[in-house]
Amino acid sequence: MKVSTPLLAISLVAGCAEKKSSDAQKNDPAAPDVEAVTSVEPVLFVADGLNTDGSLVRNYQRGLRYAIDYFGNYGPYYVYLLGPDSEQSIREIYRQRALTRTNPDSPFLTAEEQVEKFLNRPNVVTEMRSVLAGRTEGGLTWTQEPPILYEDVTTNAKGREKDPVENTWGALHEYHHVFQMAHCDTRQERTSEKNINSWMAEGMATYSSARFMENLGLIDFRDYMLKLRTSGANISRPSVNEFLATTQNWQLQNEGYWEQGGAAQVYYMLGAWATAYLIHVQRINEVVVLRDWYYDIPRIGKSASFRKHMGLSLAEFYRKFDDFIRQTDAKVMEIFPRY
């Protein structure tokens, strides 16, 4: 089943690579690329057996609508909420997914040949098997060559259906990634000037989704940030405090934690706290940290954009944040206002 989601009439950037300046950008470099405005709306594909009462899509859209209102409508964006109840439904959805990825200008393969090539890719075959086996996997993915598009894939959405809060939360988190990827060249290393570090991607999305969840009246943001330190909250174990107690020489900008372990603690949890530090200690406007500084990355690079918008270099920030985060819970929590 396909569900279109009418959201905003205004859309922004659909690609990843550097784009030429528009008049708006000449006047204000930290502005979205108006030449990439599109009316393409996100599309949700929902497998048979799910969303019988409409709550799965409704609670996902609750987060998606909020995120698009904040970041702008980037895409095309396809959301796949899948489950094991109907193999025919899954095969139909994957064929539709393949069709969205066809390039009509390809000089090498017809559209049908491109569809068959996608459906026979080993990772796609494995993913379909995971769906039909009821395993919960997936996440955000995107293309790096035309057609540029973004996908949020949940192989077993039955868990999301039973947990409206996490369903909304996940939609918020993944859409922040869509926005981020639209402003960087993901073909380059995360350490490059045209791509963002893992802590920027995961930490800022962890912070923003929690902040937006509070704005929606669904969680207590301050309590969540404390739980990242004390228990790992809904991210992982060990917690920030446990990780810091046993790891003295960690580096926020080190991209090796995906392979060696510690990615959840460094990129997601400490990354969220690094985001909080910029907003609540450095006093940078929240919308600048979460959104506006990204606009300049394709034009002047990550380091220059960070310095321009945050008022300090990345190297200086890393030193200051390291000193800050090693303080007690009571001390670091003082940065958040009490309501």
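For the sequence shown, the working numbering begins at 104 and goes up steadily by one. Virtual Cβ for every residue (Gly too), placed ideally from N, Cα, C.
The Cβ-Cβ distance between Tyr397 and Leu355 does not fall below 9 Å. In this structure Pro179 is in contact with Val143, their Cβ atoms being roughly 5 Å apart against a cut-off of 8 Å. Nearest to Arg165 by alpha-carbon distance, out of Gly273, Val149 and Glu219, is Gly273. Taking a C-beta distance under 9 Å as the contact criterion, Val256 and Tyr183 qualify as a contact pair. Cβ neighbours of Glu254 within its own chain (closer than 8 Å, five residues either side excluded): Tyr180, Tyr181, Val182, Tyr183, Arg200, Leu243, Thr244 and Trp245.
Annotation for Thr203: the continuous alpha helix (DSSP H) segment containing it runs Glu190 to Thr203. Residue pairing of Asp255 in beta bridges, as defined by DSSP: Val182 and Leu243. Between His279 and Met307 a beta carbon distance of about 7 Å is seen, short of the 8 Å cut, so the two are scored as contacting.
Looking only at Arg198, Arg204 and Arg332, the smallest Cα-Cα distance to Gln247 is reached by Arg204.
Shown here, Asn357 sits in coil according to DSSP, grouped into three states, outside any helix or strand. Within the same chain, Cβ atoms closer than 6 Å to the Cβ of Arg314 are found at Phe324, the five residues on either side in sequence being excluded.
The C-alpha of Thr271 lies about 12 Å from the C-alpha of Gly320. Annotated three-state conformation of Asn344 is helix, per DSSP.
Here the stretch 183–194 lies against the stretch 148–167, with 3 or more beta-carbon pairs under 8 Å apart. Just so you know, the alpha carbons of Arg340 and Ala214 end up roughly 45 Å apart. Listed in chain order, the non-local C-beta contacts of Leu275 below 6 Å within the same chain comprise Gly166, Ala170, Ser312 and Phe315, local neighbours out to five positions each way being set aside. Assignment of Phe148 by DSSP, reduced to helix, strand and coil, places it in the strand class.
DSSP places Ile387 in no alpha helix (DSSP H); its state is neither H nor E. Counting along the chain, Ile428 sits inside the alpha helix (DSSP H) bounded by residues Leu417 to Ile428. Just so you know, the alpha carbons of Val392 and Arg161 end up roughly 29 Å apart. Comparing alpha-carbon positions, the option among Leu159, Arg238, Met436 and Asp156 lying closest to Tyr380 turns out to be Met436. Asn388 and Thr289 have their C-alpha atoms roughly 26 Å apart. Residue state for Asn270 is assigned as helix, using DSSP reduced to three classes. Counting only residues of its own chain and dropping the five nearest sequence neighbours on each side, Phe424 has a CB closer than 6 Å to the CB of Ala377 and Tyr380. Runs of the alpha helix (DSSP H) lying entirely within the stretch 213–237 and spanning at least 4 residues, in chain order: 214–222 and 225–236. Judged by DSSP in its simplified three-state form, Asn176 adopts strand.
Here DSSP, grouped into helix, strand and coil, assigns Ile338 to coil. The Cβ atoms of Asn352 and Val369 do not sit closer than 9 Å to each other. With distances taken between CA atoms, Asn206 lies nearest to Pro250 out of Pro250, Asp172, His412 and Glu216. In this model, Ser334 and Gly404 are separated by some 36 Å (Cα to Cα).
Considering only Glu362, Val234, Asp395 and Arg198, the residue with the shortest C-alpha distance to Phe282 is Asp395. Judged by DSSP in its simplified three-state form, Lys265 adopts helix. In the DSSP assignment, Ser312 falls within the alpha helix (DSSP H) that extends over Met307 to Asn318.
With a threshold of 16 other beta carbon atoms within 10 Å, Ser209 falls short and is exposed.
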